[in-house]
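Worksheet: one structure, shown below.
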Ligand SMILES: C[S@@+](CC[C@H](N)C(=O)[O-])C[C@H]1O[C@@H](n2cnc3c(N)ncnc32)[C@H](O)[C@@H]1O
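Numbering (the working numbering), first residue to last: 5 to 359.
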């Protein structure tokens, strides 16, 4: 395995996740339709929800509030139990602060929130337990990097064997994700994924920003702050799937008998930071925010194995900020996102009475 960090978000993620929030906004209609279709249990049993890849939970508060409202509209008083999951390296303290904070959905009576620290490529729940599995901007993180990307840190810039290995890893991870959710969802249960995606050319929309990051890393090697070996081992453990890579296993692959793909929509998001900059012209604020967002999402995986990583990451962030200031258009990320809604097929065995 290439030497990289885990994919956990940095501590500033909650404040610097406007781009991910934009992805979530695109999925509101899909979530509403999932909530209209999902089975709601009878006899005061809880409607069970998984939020898969929750980070600090900031962007989960709106969809979970929507979930509680929709379930209660269909069957008043139904308890709702949400499990927020992420990898063990996640900042779960930040999640619990969000869950107990003023924007939380979890203050309502009969609403229960908890967390689980385990990868979504592993089993997370007992069979048939979930009514809604929700994941936003998380499934592009891979379980591991199979080979480092030569001359770059980003999968979409990989060529040859590294590109093949990343695509293969991504396919296996996606199969694992779908397989476990197929086991865990009740019949009729809904899977809603807002997935970091790529157009058929393999591009995610953030290549310019990653190119600026690589230029800064090379500069830090020239300055003796990092070694060439350290930078060569840095690969962000992500793969943005094409629509075909997302839907293949559901339409014609191993999951076509376990899920019915109800909706799939490919969206190119505006960059909210760029939109603000073009409106207010504040280049300093734009460059600061782009670099802070990059560090929140990717800093931990790039700098985890580096001695004195905080100081080095700080130096890198300063340099990246200056590069974005010099080339603001390149810092704009127009992320591509695949929205998916699928129904778990199968018949209730009677243990899950539904509305
Ligand atoms: C960009 S954040 C998205 C967080 C949140 N869902 C949102 O919409 O803002 C991606 C999250 O996925 C998590 N993640 C990455 N790999 C994971 C895995 N194998 N299992 C569970 N979570 C994972 C990361 O730790 C991170 O918290």
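Just so you know, even glycine gets a beta-carbon here, dropped at the ideal spot from N, CA and C. Keep in mind that this is a model prediction, so the values were computed, not measured.
Check: From the DSSP output, which residues share a beta bridge with residue 194?; Outcome: 136, 347
Check: Are residue 44 and residue 82 closer than 8 angstroms when you measure CB to CB?; Outcome: yes
Check: Just reading off the beta strand (DSSP E) that residue 112 is part of, what are its end residues?; Outcome: Note, residue 112: premise wrong, no beta strand (DSSP E); not H, not E.
Check: Determine the direct distance from the alpha carbon of residue 56 to that of residue 74, and round the result to whole angstroms.; Outcome: 20 angstroms
Check: Do three or more CB pairs link the segment 325-333 to the segment 210-217 at distances below 8 angstroms?; Outcome: yes
Check: Which residue comes first and which comes last in the beta strand (DSSP E) that contains residue 168?; Outcome: No beta strand (DSSP E) holds residue 168; the alpha helix (DSSP H) holding it covers 164-188.
Check: Check this for me: beta carbons of residue 31 and residue 343, under 8 angstroms apart or not?; Outcome: yes
Check: Taking the alpha helix (DSSP H) that residue 252 falls in, what are its first and last residues?; Outcome: 247-255
Check: Indicate the three-state DSSP secondary structure (helix, strand or coil) for residue 56 in the structure shown.; Outcome: strand
Check: Given this structure, state the Cα-to-Cα distance separating residue 268 from residue 299, to the nearest angstrom.; Outcome: 30 angstroms
Check: Does the beta-carbon of residue 68, which I'm using as the reference point, lie nearer than 7 angstroms to any heavy atom of ligand 1?; Outcome: no
Check: I think residue 266 touches residue 346, with their Cβ atoms under 8 angstroms apart; what is that distance to the nearest whole Å?; Outcome: 6 angstroms
Check: Out of curiosity, what's the CA-to-CA distance linking residue 232 and residue 311?; Outcome: 14 angstroms
Check: Along the chain, where does the beta strand (DSSP E) containing residue 366 start, and where does it finish?; Outcome: Any answer about residue 366 is impossible in this case: the structure gives the chain only from 5 up to 359.
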